[in-house]
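Undergrad: Residue numbers (the working numbering), protein chains in the order written: chain A, 1 to 254; chain B, 1 to 245. Glycine included, each C-beta is placed from N, C-alpha and C at the ideal position. Every value quoted in this text rests on a predicted model; they were computed, and no experiment measured them.
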Amino acid sequence: MSAPESNNNCVGVEVRGLKKNFGRQEILKGLDFKVEPGEIFVIMGPSGSGKSVLLKQIIGLELPDEGEILINGESIQSPEVMDKYRMAMVFQSGALLNSLTVGENVGLYLAEHRLKKPDEIARIVAQTLDIVGLKGTEEKMPSELSGGMKKRVAIARALIVEPQLILYDEPTSELDPVSAMVIGEEILRLNKRSHVTSIVVSHDRDLAFGVADRIAVIVEGSIVAIGTPEEVKSKPDPLVQKFLHADIKRPNKS
Amino acid sequence: MFENIGEMLVLFWRTLMALPMTLRQRHKIFEHFFEIGNGSLLMVCVLAFFIGGETALQTGPFLAEKSFGGYLGGIVGYSVCRELAPILMAILIAGRSGSAMAAEIGSMRVYQEIDALRTMNINPIHYLILPRMVAIAIALPMLVLFAILVGWVGGGIVSAANNRIDIPIQAFFKNLQEVVKFQDVGNGLFKSFCFALIIGIVSCHQGLVTIGGPRGIGRSVTKAVVNSIVLIIIFDYILTRVLLK
Chain A
1 MSAPESNNNC VGVEVRGLKK NFGRQEILKG LDFKVEPGEI FVIMGPSGSG
51 KSVLLKQIIG LELPDEGEIL INGESIQSPE VMDKYRMAMV FQSGALLNSL
101 TVGENVGLYL AEHRLKKPDE IARIVAQTLD IVGLKGTEEK MPSELSGGMK
151 KRVAIARALI VEPQLILYDE PTSELDPVSA MVIGEEILRL NKRSHVTSIV
201 VSHDRDLAFG VADRIAVIVE GSIVAIGTPE EVKSKPDPLV QKFLHADIKR
251 PNKS
Chain B
1 MFENIGEMLV LFWRTLMALP MTLRQRHKIF EHFFEIGNGS LLMVCVLAFF
51 IGGETALQTG PFLAEKSFGG YLGGIVGYSV CRELAPILMA ILIAGRSGSA
101 MAAEIGSMRV YQEIDALRTM NINPIHYLIL PRMVAIAIAL PMLVLFAILV
151 GWVGGGIVSA ANNRIDIPIQ AFFKNLQEVV KFQDVGNGLF KSFCFALIIG
201 IVSCHQGLVT IGGPRGIGRS VTKAVVNSIV LIIIFDYILT RVLLK
């Protein structure tokens, strides 16, 4: 394994009738959608609409109450399937291990699973950090990084797995517009470079329309629109239009 | 409460099952061992010296007055090694290291670091719990052994220095040697090993079930320390009863 380069084994994801409740609160009300191999699929929706819960179910951190998730047609509920496909997730907060350096964070997967010797891990880590534009930051601690840099380290950590499926949870939240643009370009560049299937959860309209091959809009646990960015933009549904065109109304100055 | 006990037993069982991974996690074990052991050494030393001294001071004048001063070494030696050192050091380590474990793991849980480990197929039991459990299970008995020795020295010095007791240090240790057997020290160390497991499991469990933000972490730390101390005292009675000659 060298620094992640090309990955022709990207996977397709299918979600069928997915439901999730927390107590009496219905979070996901039966979602159905398909993500094609190599596609960048963006899930948009207002805060609290169940987007992050959906991602956690896809990567197996939470179990659905009803329905199923299929990777290349195989249900992820069997542990062998989760082991068979390489998946990675970029968390909203980055979720870097604060007690480890940037280099240790990025190389953690290889080191813990003893996939490479330490000097080889160091070389791969340096290459991967270079890919995300963070060359020479191996010895820094996460607390010394800006929000955007943390997100890019998290992307590097995800890349080291050579994922076939990569999930991004609000990758541009808490970032300034320039850093958000850099992350968006990073997602596009990685997709072009390694053809990895990407599912991006975001409520950032600029990011969604900038990177998506297809978009699904979730409102209150249900998909209200799905299609290419143009199709979603032209959807007359008031819930979709309200979300896509939400602007601050300035009071009239008298 | 019963749910918590059940979860702790499951966590303990899973940690036992992970024991074959101990060698692989040796670097992390050493880091935690150093933090628990070396970081607490000075405090243990001071505390143990005064525990021994206070025990001598409380019992010495009365025994000396009744002409039983010669038995002071045995009384101090026996009570320090079988009871005082194990329980007080366990309470000290629960406050110092148990709280740190709960806070560290709790914050990792709250800030999704544990979820990140799971997405990388890294078992949190192997990576987080096992090293802490093994480290505390080795460190606490070693600290207690050290505390026993320092406690005896403290008792001896106070017995010789206090003019109401006035027992020469040689006489103190001669009686101690006659009364205290290796088995008594072994009992104290066995107790401290059990207390270490209690502190480790309670604190790690509280860390893993942390919810909410900084307030949730604070609540977990408090629970970890209080629950550890309560369980230590209950188990101390049970172990004392079982190990009684």
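Mind checking which residues open and close the beta strand (DSSP E) that includes residue 21 of chain A?
TA: For the purposes of this step, residue 21 of chain A is taken as the residue at position 21 of the first sequence. Its beta strand (DSSP E) spans residues 13-22.
Undergrad: Have a look at residue 16 of chain A and residue 21 of chain B and give me their C-alpha separation to the nearest angstrom.
TA: As a first step, residue 16 of chain A must be located in the first sequence, where it is residue number 16. As a first step, residue 21 of chain B must be located in the second sequence, where it is residue number 21. C-alpha separation (whole angstroms): 38 Å.
Undergrad: By the criterion of Cβ-Cβ separation under 8 Å, what are the contact partners of residue 93 of chain A in chain B?
TA: For this step, residue 93 of chain A is matched to residue 93 along the first sequence. Under the 8 Å cutoff, chain B gives 111 and 112.
Undergrad: Just to confirm before moving on: does the CB-CB distance between residue 52 of chain B and residue 173 of chain B stay below 9 Å?
TA: Counted from its first residue, the second sequence places residue 52 of chain B at position 52. Counted from its first residue, the second sequence places residue 173 of chain B at position 173. No. Outside cutoff.
Undergrad: Would you give the residue range spanned by the beta strand (DSSP E) that residue 129 of chain B belongs to?
TA: Taking the second sequence and counting its residues from 1, the one referred to as residue 129 of chain B is at position 129. Going by DSSP, residue 129 of chain B is part of no beta strand (DSSP E) at all; its letter is neither H nor E.
Undergrad: I believe residue 199 of chain A touches residue 58 of chain A by the beta-carbon criterion, under 8 Å. Please report the beta-carbon distance rounded to the nearest angstrom.
TA: Against the first sequence, residue 199 of chain A aligns to sequence position 199. Against the first sequence, residue 58 of chain A aligns to sequence position 58. Residue 199 of chain A to residue 58 of chain A, Cβ: 7 Å. Contact.
Undergrad: Let me confirm a value: residue 104 of chain B is counted as buried when at least 16 other C-beta atoms fall within 10 Å, else exposed. Which label applies?
TA: Indexing the second sequence from 1 puts residue 104 of chain B at position 104. Buried, because 16 or more other Cβ atoms sit within 10 Å of the Cβ of residue 104 of chain B.
Undergrad: Taking the C-alpha atoms as reference points, what is the distance between residue 7 of chain B and residue 205 of chain A?
TA: Reading the second sequence from its first residue, position 7 is the one you call residue 7 of chain B. Reading the first sequence from its first residue, position 205 is the one you call residue 205 of chain A. Between residue 7 of chain B and residue 205 of chain A, the C-alpha separation is close to 43 Å.
Undergrad: By the criterion of Cβ-Cβ separation under 8 Å, what are the contact partners of residue 256 of chain A in chain B?
TA: The structure shown does not extend to residue 256 of chain A, since chain A is modelled only from 1 through 254, so no value can be given for it.
Undergrad: Starting from the C-beta of residue 2 of chain A, find all residues in its chain whose C-beta is less than 8 Å away, skip the five residues before and the five after it, and write them out in chain order.
TA: The sequence position of residue 2 of chain A within the first sequence is 2, counting from 1. With a pLDDT of 47 at residue 2 of chain A, under the threshold of 50, the modelled position of that residue is not reliable, and the figure given next carries that caveat. Excluding residues within five positions, the ones whose Cβ falls inside 8 Å are 124 and 127.
Undergrad: Going along the region 58-91 of chain A in order, which residues come within less than 9 Å of chain B, judged by CB to CB distance?
TA: 59, 60, 61, 82, 83, 87, 88, 89 and 91
Undergrad: What's the C-alpha gap between residue 76 of chain A and residue 234 of chain A?
TA: Stepping through the first sequence from its first residue, residue 76 of chain A is reached at position 76. Stepping through the first sequence from its first residue, residue 234 of chain A is reached at position 234. Answer to the nearest angstrom: the Cα atoms are 34 Å apart.
Undergrad: Could you give the distance in angstroms between the alpha-carbon of residue 33 of chain B and the alpha-carbon of residue 128 of chain B?
TA: For the purposes of this step, residue 33 of chain B is taken as the residue at position 33 of the second sequence. For the purposes of this step, residue 128 of chain B is taken as the residue at position 128 of the second sequence. Between residue 33 of chain B and residue 128 of chain B, the C-alpha separation is close to 13 Å.
Undergrad: In the DSSP assignment, the beta strand (DSSP E) including residue 82 of chain A goes from what residue to what residue?
TA: In the first sequence, residue 82 of chain A corresponds to position 82, counting from 1. Note, residue 82 of chain A: premise wrong, no beta strand (DSSP E); alpha helix (DSSP H) at 79-84.
Undergrad: Mind listing the chain A neighbours of residue 147 of chain B? Cutoff is C-beta to C-beta under 9 Å, in chain order.
TA: Residue mapping note: residue 147 of chain B aligns to position 147 of the second sequence, counting from 1. In chain order: nothing, as chain A lies at least about 29 Å away.
Undergrad: Nearest chain A C-beta to residue 107 of chain B closer than 9 Å, yes or no?
TA: Looking up residue 107 of chain B in the second sequence gives position 107. For residue 107 of chain B, the answer is yes, since a Cβ of chain A falls inside 9 Å of its Cβ.
Undergrad: Quick one: is residue 186 of chain B buried, meaning 16 or more other Cβ sit within 10 Å of its Cβ, or exposed?
TA: Locating residue 186 of chain B in the second sequence gives position 186, counting from the first residue. Looking at its Cβ environment, which holds fewer than 16 other Cβ atoms inside 10 Å, residue 186 of chain B is exposed.
Undergrad: What residue does the beta strand (DSSP E) around residue 65 of chain A start on, and which one ends it?
TA: As a working mapping, residue 65 of chain A is identified with position 65 in the first sequence. Following the DSSP letters along the chain, one finds residue 65 of chain A in no beta strand (DSSP E), marked with neither H nor E.
Undergrad: Per DSSP, residue 216 of chain A forms a beta bridge with which residues?
TA: What you label residue 216 of chain A is simply residue 216 of the first sequence in a count that begins at 1. Bridge partners of residue 216 of chain A according to DSSP: A/43 and A/226.
Undergrad: Among B/242, B/244, B/236 and B/40, whose alpha-carbon lies nearest the alpha-carbon of residue 86 of chain B?
TA: Counted from its first residue, the second sequence places residue 86 of chain B at position 86. Selected option, being the one with the closest Cα: B/236.
Undergrad: Alpha carbon to alpha carbon, how far is residue 37 of chain B from residue 45 of chain B? Give it in angstroms, no decimals.
TA: In the second sequence, counting from the first residue as 1, residue 45 of chain B sits at position 45. In the second sequence, counting from the first residue as 1, residue 37 of chain B sits at position 37. So the two alpha carbons sit approximately 12 Å from each other.
Undergrad: Less than 8 Å between C-beta atoms, sequence neighbours within five positions excluded: which residues of the same chain meet that for residue 47 of chain B?
TA: Counting from 1 along the second sequence, the entry for residue 47 of chain B is found at position 47. Once the five neighbours on either side are set aside, the close Cβ partners of residue 47 of chain B are 88, 89, 92 and 147.
Undergrad: So is residue 98 of chain A in contact with chain B if we call contact Cβ pairs under 9 Å?
TA: In the first sequence, the residue the question calls residue 98 of chain A occupies position 98. Residue 98 of chain A counts as touching chain B.
Undergrad: Going by beta carbon distance, what residues of the same chain come within less than 7 Å of residue 220 of chain A, once the five residues before and after it are set aside?
TA: One-based indexing of the first sequence puts residue 220 of chain A at position 220. Closer than 7 Å at Cβ, skipping near neighbours: 49.
Undergrad: Please state whether DSSP places residue 34 of chain A in a helix, a strand or coil.
TA: Along the first sequence, one-based indexing puts residue 34 of chain A at 34. Strand at residue 34 of chain A.
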